[in-house]
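Colleague: First, the structure itself, so that you have it in front of you.
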Amino acid sequence: MKITILGTGTSQGVPVIACDCEVCLSPNSKDKRLRSSVMIQVDDLNLVIDTGPDFRQQMLREKVTKVDSILFTHHHKDHVAGMDDIRAFNHKWKRDMPIYCNQVTSDALKLEFPYIFSGFNYPGIPKVEINIIENKPFNIAETTIQPIEVLHYKLPVLGFRIKNFVYLTDVSKISVKEKEKMKGADLIILDALRKKAHLSHFNLEQALALLEELKPKQALLTHISHYMGLHDNVNDELPNHINLAYDGQVVTLNE
Ligand SMILES: [Zn+2]
Ligand SMILES: [Zn+2]
Ligand SMILES: [Zn+2]
């Protein structure tokens, strides 16, 4: 299984437009963060979780020629805004793009992209096939995916476990039952917005506390704001098996 981290930034990305803080001005490429997303190559499938505003740029940067399905965590703009660009894959592969999301996200996609769902088959519009998922395991081809339902302030959001990999972003609260699903993972990619507390995201301390409980072999932190600090400085403060993720990072896991 190969995990490619497409983006690691919070909703505004890093650098933030018009910001002159040291992180936004940093020349280190690891301090440049597109909106959070990840690609998973597993069992001959190429899966993408979330299509934020930078989806097009991320597909071009990683030279992606095929996406088999898209999974959505939730409907916030920084996770869905790029969905229109799946058109390229519709044209290339002559098929609708399968999407997996919960009912709330599906309802929001229909409001955000009314032209896709109007029923009028205007030439060139994105073509999607929505599969509503609940908080129970489902399959894409032969691959089983375990949703993990958490709260993002008050909004239920889905994380996903695929074999020994867990992706969980935009989370501020997780129940004991959902935590169980994350145990024994080789890699957890987890939300950690910044050092100060936040209403709808884990801060660094909360993310580290959860990882201490779950004890994955390796963990990477994502959905990072410019307030977190410089990539290299923050990494130096972290335990050996936990790092801030960076855009373009690739991790290969044995299944
Ligand atoms: Zn977000
Ligand atoms: Zn800044
Ligand atoms: Zn969000």
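Each position in the sequence shown, counted from 1, maps to that position plus 8 in our numbering.
Positions of the beta carbon are idealized from the N, C-alpha and C atoms, including for glycine.
#1: Consult DSSP for M47 and reduce its assignment to one of helix, strand or coil.
#2: Near ligand 1, which residues have their beta-carbon less than 7 angstroms from any of its heavy atoms, given in chain order?
#3: With respect to 7 angstroms, is the separation between the Cβ of P145 and the closest non-hydrogen atom of ligand 2 below this value?
#4: Where are the beta strand (DSSP E) runs, 3 residues long or more, that stay fully inside the region 74-139, in chain order?
#5: Provide the residue(s) that pair with G167 in DSSP beta bridges, ordered along the chain.
#6: Roughly how many angstroms separate the alpha carbons of G17 and H239, rounded to a whole number?
#7: Nearest to L195 by alpha carbon, out of V24, K181, K171 and V179?
#8: Sorry if obvious, but does the Cβ on H99 come closer than 7 angstroms to a heavy atom of ligand 3?
#9: To which residues does DSSP link I148 through a beta bridge?
#10: Going by beta carbon distance, what residues of the same chain come within less than 8 angstroms of N203, once the five residues before and after it are set aside?
#11: Take the Cβ of V184 as the centre, count every other Cβ of all protein chains shown within 10 Å, and call the residue buried at 16 or more, exposed below.
#12: Listed in chain order, which residues are found with a beta carbon closer than 5 angstroms to a heavy atom of ligand 2?
#13: Considering only DSSP beta bridges, list what D199 is partnered with.
#14: With distances taken between CB atoms, is the gap from H83 to V112 smaller than 8 angstroms?
#15: Given the structure, does H249 come close to ligand 3, in the sense that its CB is under 7 angstroms from one of the ligand's heavy atoms?
#16: Is the separation between the beta-carbon of D167 and that of I156 shorter than 8 angstroms?
Modeller: According to the data block:
#1: strand
#2: T18, S19, S44, H84, D86, H87, T177, D178 and H231
#3: no
#4: 77-79 and 105-109
#5: I156
#6: 12 angstroms
#7: K171
#8: no
#9: T151
#10: It is worth fixing the name first, because residue 203 is Lys in this sequence and not Asn. These residues qualify, in order along the chain: N211, L212, E213, Y235, M236 and G237.
#11: exposed
#12: V24, C27, C29, C32 and H234
#13: T230
#14: yes
#15: no
#16: Correcting the residue type first, residue 167 is Gly in the shown sequence and not Asp. Yes, they are a contact pair.
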